[in-house]
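Step one of this worksheet: look at the structure below.
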Amino acid sequence: MKAQPLTDFQRLSINDATTKIQLTLEEEIRLYAEMGIQGISIWRDKLAQCGVDRAAKLLDEYRMTVTGLCRGGMFPAATAQGRQEAIEDNRRAIEEAAAIKAQCLVLVVGGMPEGSKDIAGARQMVLDGLHSIIEYARSLQVPLAIEPLHPMYAADRACVNTMAQANDLCDEVGEGIGIALDVYHVWWDPDLRHQIQRAGKARLLGFHICDWLVPTQDMLLDRGMMGDGVIDIPQIRGWVEAEGYTGFHEVEIFSAENWWQKPAEEVLTVCKERYLKVV
Numbered sequence: 001m002k003a004q005p006l007t008d009f010q011r012l013s014i015n016d017a018t019t020k021i022q023l024t025l026e027e028e029i030r031l032y033a034e035m036g037i038q039g040i041s042i043w044r045d046k047l048a049q050c051g052v053d054r055a056a057k058l059l060d061e062y063r064m065t066v067t068g069l070c071r072g073g074m075f076p077a078a079t080a081q082g083r084q085e086a087i088e089d090n091r092r093a094i095e096e097a098a099a100i101k102a103q104c105l106v107l108v109v110g111g112m113p114e115g116s117k118d119i120a121g122a123r124q125m126v127l128d129g130l131h132s133i134i135e136y137a138r139s140l141q142v143p144l145a146i147e148p149l150h151p152m153y154a155a156d157r158a159c160v161n162t163m164a165q166a167n168d169l170c171d172e173v174g175e176g177i178g179i180a181l182d183v184y185h186v187w188w189d190p191d192l193r194h195q196i197q198r199a200g201k202a203r204l205l206g207f208h209i210c211d212w213l214v215p216t217q218d219m220l221l222d223r224g225m226m227g228d229g230v231i232d233i234p235q236i237r238g239w240v241e242a243e244g245y246t247g248f249h250e251v252e253i254f255s256a257e258n259w260w261q262k263p264a265e266e267v268l269t270v271c272k273e274r275y276l277k278v279v
């Protein structure tokens, strides 16, 4: 079942990685709003450069909805001290998300510690880390959104690679945790529809869109604009919305050699055009 065509931009959000090179956070907030885009997802490095208080004021002034703060996670480490430092950093991220009224804190959970070959052990560290921060997240009313990453990142970025694994973690941790579904990472999974159904409305905290290019020139920095690759985005959106998801559709494009080299206004214009045409 494919989703119905989109006719306006009320649910369009831009992850500010999409204009990572061109704009500061303050410039992004102003430009996105001027172009009729009311959703933004923010990376913590840009938030730090702007300042949390300044960003919160600007977001309120321009009536922007923060669809996510990127990122928490990165739990596995070779030492107990390293794991504790990750937990402390996640607590700071939760505080930042609360301050800017983010709808969720996106978690890229981390891969295996340097020198390790124990992926099961890394996954246990992720679960332990989630248990260590969930009560604090609940107290500040910040939902945690696990983002499964494509298996090519299993070693270094995220040892949670499927919706099934993310659902299992949600089962273990309980209230206050869900999933950020990024089509770039999960489009290939033959069990995707079933796992979206398993997640249901309560767990689907984010829906991220871009496209998978063939060939892909860089694992991290060669994502495609919607419609330029092989992902059937309307089909996946249809599955998500069949479960009751009514949140934003967040464009997140890492593109060092293409879209990051273009003026931000041009990038956002194409995002809007493709959003109505192919999403």
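Counting in UniProt numbering, the sequence shown runs from 1 upward without gaps.
Virtual Cβ for every residue (Gly too), placed ideally from N, Cα, C.
Any non-hydrogen atom of the ligand ZN closer than 6 Å to residue i Cβ
i     : result
Val52 : In the structure on display, the ligand ZN does not appear, and there are no ligands present to speak of.
Which of helix, strand or coil DSSP assigns to residue i
i      : result
Cys210 : coil
Leu220 : coil
Cys50  : helix
Arg71  : strand
Val279 : coil
His150 : coil
Ile37  : coil
His43  : Sequence check: residue 43 is Trp here, not His. In the structure shown, Trp43 sits in a strand (DSSP, three-state: E or B).
Ser116 : coil
Thr65  : strand
Leu268 : helix
Gly82  : helix
Cβ-Cβ separation, residue j to residue i (assumed contact under 8 Å), whole Å
i      : j      : result
Cys170 : Ile119 : That pair is no contact at about 20 Å.
Within 7 Å, strictly: CB atoms of residue i and residue j
i      : j      : result
Glu257 : Ala17  : no
Val108 : Gly73  : yes
Gln195 : Asn161 : no
Leu6   : Leu276 : yes
Arg223 : Phe254 : yes
Nonlocal neighbours in the same chain, by C-beta distance under 7 Å from residue i, ignoring five residues either side
i     : result
Arg91 : Ile133, Tyr136
Thr26 : Strictly speaking, residue 26 in this sequence is Glu, with Thr absent from that position. Correct list, in chain order: Cys50, Leu58.
Contacts around residue i, its chain only, beta-carbon distance under 6 Å, and the 5 residues preceding and following it disregarded
i      : result
Arg198 : Asn167
Asp228 : Asp211
Sequence-distant residues of the same chain with beta carbon closer than 8 Å to residue i, five excluded per side
i      : result
Gly115 : Ala78
Arg274 : Met225, Met226, Gly227
Leu127 : Leu169, Glu172, Val173
Check your understanding: Would you call the segment 44-56 and the segment 218-237 in contact, with 3 or more CB pairs under 8 Å?
Key -> Counting C-beta pairs with one atom in each stretch, the segment 44-56 and the segment 218-237 have fewer than three that are closer than 8 Å, which means they do not touch.
Practice item. Specify whether the segment 94-110 and the segment 199-210 touch according to this definition: at least 3 beta carbon pairs, one from each stretch, less than 8 Å apart. Key: The answer is yes - the segment 199-210 touches the segment 94-110, with three or more Cβ pairs under 8 Å.
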